[in-house]
Amino acid sequence: MLELFRSRRRAIVWFVEASLLAMLVLAVAGVTVGWDHAIDRSHVMRAVVIALVVQGSLYYHGLYGPAPIRGMGTLFSTVMRALALAGAFLWLLFRLLPEGGGAQIWAYGLALGGAALVLPAWRTALARVAESARFRCTALVLGSGPLAHACVDAMRNYDAGLVYAGRLVPDGDPTRAEPDVLGTISDLTRIARERNIRHIVVGYTDRRHQFPADELISLKFQGVEIEEGVDFYERVTGQIFVRELRPSQIIFAHGFHVARRTLFLKRALDVFCATVGLVLAAPIMLLTAIAIRLDSRGPIFYSQERSGAFGRPFMIYKFRSMRVDAEADGKARWASEDDPRITRVGRFIRKTRIDELPQLWNVLVGEMSLVGPRPERPVFNAQLEKEIPYFKQRLYVKPGLTGYAQVRCRYGASMEDQLEKLQYDLFYIKTFSLWFDLSIMLDTVKVVLCRIGAR
2 MLELFRSRRR AIVWFVEASL LAMLVLAVAG VTVGWDHAID RSHVMRAVVI
52 ALVVQGSLYY HGLYGPAPIR GMGTLFSTVM RALALAGAFL WLLFRLLPEG
102 GGAQIWAYGL ALGGAALVLP AWRTALARVA ESARFRCTAL VLGSGPLAHA
152 CVDAMRNYDA GLVYAGRLVP DGDPTRAEPD VLGTISDLTR IARERNIRHI
202 VVGYTDRRHQ FPADELISLK FQGVEIEEGV DFYERVTGQI FVRELRPSQI
252 IFAHGFHVAR RTLFLKRALD VFCATVGLVL AAPIMLLTAI AIRLDSRGPI
302 FYSQERSGAF GRPFMIYKFR SMRVDAEADG KARWASEDDP RITRVGRFIR
352 KTRIDELPQL WNVLVGEMSL VGPRPERPVF NAQLEKEIPY FKQRLYVKPG
402 LTGYAQVRCR YGASMEDQLE KLQYDLFYIK TFSLWFDLSI MLDTVKVVLC
452 RIGAR
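Below you can see the structure in the form of structure tokens.
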């Protein structure tokens, strides 16, 4: 949820659309029940509730994500699904209210119908305006390595407010012939002037040779914004680019430090939510235990050693979702798509995350937190620490039942997947706050309902 407000552009759009929806509801109420009644306190409060519910549904359907929805057809169908879900929720809500009359419900339904026409048209017009040269800066990327290419992808695929002009590479670089390369570093001043460059991203870390310090300083004093590639990538994508991250960028960076008071409040939230969660989930857990017992032979629960904070081992508890001989050869392996080791009941409880409910006990006793990096097996940690830089730094906090990486990317079943998850985990550790935790918990509901990333 905090992803919405990390971007000033997306936050402004959110507030404008919330106001637009509330005014639309009041306008329809004014036409149907009269303007004197439409502006009384009860109708205004209902207009606010309707706007917030619709905005929540739009957010859960990806209308406020960092990557914009492209295509009128996709936009229209996404808005329709979001409004249908919001309409069903609001119908149930207003039917339960003592003053929820049928005429008012039809008026609010008519307002949602108007929103189905207004929102796609507004978004299309907004996209055209936002993509115009007046509202977007022309940007240039310096470099030819993985960081430079990652920054280019971020400009193209995320709402960065920039128009990508091209790249400049060092003299003699073998990528000089690539289509988006405009020239070499020595051409920086000329190309910046000719292309009216207003934003430059320095996308390479080896600056001992041919680093245009004087040119960049001169352009900065002329009003061109200069941004370090790792910082740009982190700001736009919400990930820390690990491949070219230097130790000094961690040592001297703001963040990667949590106050004792915040840790105390986080622990209090963990205990409260785990206690309430165990009580509310008890009926579901009982039915799950019966289904596992009837479906396949073996124990109901499954325990496995995982690495906790600072590498301390602990036993994690889950409902058994695989056959008892899943690792009969003694070799640890990640779950794969359509894994044949998963039982019939196991496939359902893994997709719905019911298999992880017993981990609330791990949270209650302090071995895990509600939010944090995914707890990995020690054998995988040892392997990943050799292959991926800074992987062991994710063990400096408690693992979580859910986490920023879990709600932003797919199940990690390869080195590349684990690298992507690490970039999210490090960003979470760097920018940790209770508000961040709460936003991840809200996003977890979306992940569970949409069955995103489960195997």
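Counting from 2, one number per residue, gives the positions in the sequence shown under this note's numbering. Cβ atoms here follow ideal geometry from the backbone N, Cα and C, with glycine treated the same way.
Given residue i as reference, the closest of the options once Cα atoms are compared
i: residue 80; options: 125, 159, 427; result: 125
i: residue 217; options: 239, 231, 191; result: 191
i: residue 377; options: 25, 312, 111, 239; result: 312
i: residue 14; options: 64, 392, 24, 447; result: 64
i: residue 279; options: 248, 383, 358, 113; result: 358
i: residue 115; options: 367, 22, 294; result: 22
i: residue 396; options: 347, 220, 315, 198; result: 315
i: residue 76; options: 365, 60, 170, 94; result: 60
i: residue 321; options: 289, 390, 426; result: 289
i: residue 162; options: 390, 323, 236; result: 236
i: residue 400; options: 415, 382, 62; result: 382
i: residue 12; options: 29, 56, 49; result: 56
i: residue 201; options: 229, 54, 431; result: 229
i: residue 353; options: 448, 344, 438, 427; result: 448
i: residue 355; options: 194, 249, 195, 403; result: 403
i: residue 164; options: 170, 153, 307; result: 153
i: residue 231; options: 95, 248, 324; result: 248
i: residue 120; options: 95, 148, 74, 442; result: 74
i: residue 300; options: 283, 308, 325, 284; result: 325
i: residue 408; options: 394, 443, 434, 430; result: 443
Beta bridge counterpart(s) of residue i as assigned by DSSP
i: residue 140; result: 165, 200
i: residue 323; result: 343
i: residue 230; result: Residue 230 pairs with nothing; no bridge assigned.
i: residue 401; result: 370
i: residue 316; result: 306
i: residue 170; result: 185
First and last residue of the uninterrupted beta strand (DSSP E) at residue i
i: residue 185; result: 182-185
Residue environment, residue i, which counts as buried when at least 16 other CB atoms sit within 10 Å
i: residue 172; result: exposed
i: residue 305; result: exposed
i: residue 85; result: exposed
i: residue 368; result: buried
i: residue 179; result: exposed
i: residue 398; result: buried
i: residue 62; result: buried
i: residue 20; result: exposed
i: residue 197; result: exposed
i: residue 347; result: buried
i: residue 253; result: exposed
i: residue 122; result: exposed
i: residue 446; result: exposed
i: residue 227; result: exposed
i: residue 157; result: exposed
i: residue 415; result: exposed
i: residue 189; result: buried
i: residue 371; result: buried
i: residue 141; result: buried
i: residue 323; result: buried
i: residue 374; result: buried
i: residue 187; result: exposed
Residue i: first and last residue of the uninterrupted alpha helix (DSSP H) it sits in
i: residue 79; result: 73-97
i: residue 157; result: 147-158
i: residue 219; result: 214-222
i: residue 425; result: 416-431
i: residue 274; result: 261-296
i: residue 364; result: 360-365
i: residue 388; result: 379-388
i: residue 249; result: 248-252
i: residue 190; result: 189-195
Closer than 8 angstroms to chain D by CB, residue i
i: residue 143; result: Annotation note: the requested chain D is absent from the structure, which comprises a single protein chain.
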